[in-house]
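Chains as they are written, first to last, in our numbering: chain R, 157 to 270; chain C, 81 to 190. Notes for the one structure printed next.
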């Protein structure tokens, strides 16, 4: 199993550009989520999904869109990039339902917006 | 909003020393997880504690969940340079979401 994969690893955007961060998992996990990690701020939840066709907002959703058309994929779209979106982005997945639902993280995408 | 406070924020010690990292909240969590993150990588789960008062050991790492399920600690015995990394605690409340602490950055010097 590849686990959780993310592409690209690094990306530089100009203010106002749009792009999609890709995330895929091969563990048949129902729950997937996107976090951003900034120095001194820890991991903050952007959006999450409890299954195909179902998404919801997390703590910091503004400026980001998500969709979940399949169990495996959960892309994150930046509509109009801003310097405040410079961050490291992590995708994670886990089983849903009862239980402790440990999360498996991808390797991250380091995004710089100039 | 459920908050998790981790302390200390930074810790630099010599190889062979012992250390304890704390994760505290005023909220009750149904479970609490500890992750370790190395530079340039995503967090990796170390352990999950579920029951108040629970103690789990992972080689030289000992994890404890508070009796009231509001706090947790991570104790490392005889730290090694390979233990260097960012240690994150994360609490799960009554919904699907995890609340993460801001982390403790541990450096173990040879």
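Quick reminder that beta carbons are idealized off the backbone N, C-alpha and C, glycines included. Keep in mind it's a predicted model, so treat the numbers as computed, not measured.
Report the rounded CA-to-CA distance for residue i versus residue j, giving the unit in angstroms.
i: residue 187(R); j: residue 207(R); result: 6 Å
i: residue 169(R); j: residue 237(R); result: 7 Å
i: residue 265(R); j: residue 195(R); result: 15 Å
i: residue 215(R); j: residue 200(R); result: 6 Å
i: residue 113(C); j: residue 156(C); result: 16 Å
i: residue 218(R); j: residue 190(C); result: 44 Å
i: residue 227(R); j: residue 164(C); result: 35 Å
i: residue 185(C); j: residue 123(C); result: 13 Å
i: residue 143(C); j: residue 202(R); result: 29 Å
What do you get for residue i, buried or exposed, if any count of 16 or more other CB atoms within 10 angstroms of its CB means buried?
i: residue 135(C); result: exposed
i: residue 80(C); result: Look at the range of chain C in this structure, 81 to 190, and you will see that residue 80(C) is not part of it.
i: residue 235(R); result: exposed
i: residue 268(R); result: exposed
i: residue 171(C); result: buried
i: residue 83(C); result: exposed
i: residue 159(C); result: buried
i: residue 180(R); result: buried
i: residue 174(C); result: exposed
i: residue 109(C); result: buried
Am I right that residue i and residue j are in contact with their C-beta atoms under 8 Å? What's the rounded C-beta distance?
i: residue 260(R); j: residue 160(R); result: 5 Å
i: residue 180(C); j: residue 198(R); result: 5 Å
i: residue 162(R); j: residue 178(R); result: 7 Å
i: residue 224(R); j: residue 210(R); result: 7 Å
Does the beta carbon of residue i fall short of 6 Å from some heavy atom of the ligand FAD?
i: residue 174(R); result: With respect to small molecules bound, the structure shown includes none, and the ligand FAD cannot be examined in it.
Any beta-carbon of chain D closer than 7 Å to the one on residue i?
i: residue 183(C); result: In the structure shown, chain D cannot be found, because the protein chains are R and C.
Taking beta-carbon pairs under 8 Å, can you tell me which members of the segment 118-129 of chain C lie near chain R?
Contact residues of the segment 118-129 of chain C toward chain R are 120, 121, 122, 123, 124, 125 and 128 (C-beta to C-beta distance below 8 Å).
Give the residues from the segment 137-151 of chain C that approach chain R closer than 8 Å (Cβ to any Cβ), ordered along the chain.
Listed in chain order, the positions of the segment 137-151 of chain C with a beta carbon within less than 8 Å of a beta carbon of chain R would be empty, since no residue qualifies.
Whole runs of the beta strand (DSSP E) within the segment 113-173 of chain C, excluding any shorter than 3 residues
Listed in chain order, they are 124-129, 135-138, 141-145, 151-156 and 165-172.
Could you name the residues of the segment 203-219 of chain R whose beta carbon sits closer than 8 Å to any beta carbon of chain C, in the order they occur along the chain?
Close to chain C, meaning a Cβ-Cβ distance shorter than 8 Å, are the following residues of the segment 203-219 of chain R: 204, 206 and 214.
Residues of the segment 233-263 of chain R in Cβ contact with chain C at a cutoff of 8 Å, in chain order, please.
Per Cβ criterion, the list reads 246, 248, 252, 256, 257, 258, 259, 260, 261, 262 and 263.
At a CB distance below 7 Å, what residues from the segment 187-200 of chain R approach chain C? Give them in sequence order.
Cβ contacts with chain C: 187, 196, 197, 198 and 199.
In chain order, which continuous runs of the beta strand (DSSP E) of length 3 or greater are located wholly inside the segment 169-240 of chain R?
For the segment 169-240 of chain R, the full-length beta strand (DSSP E) segments reaching 3 residues or more read 175-181, 187-194, 198-207, 210-213, 220-222 and 232-234 along the chain.
Contact list for the segment 152-178 of chain C against chain R, Cβ threshold 9 Å
Close to chain R, meaning a Cβ-Cβ distance shorter than 9 Å, are the following residues of the segment 152-178 of chain C: 168, 170, 172, 176, 177 and 178.
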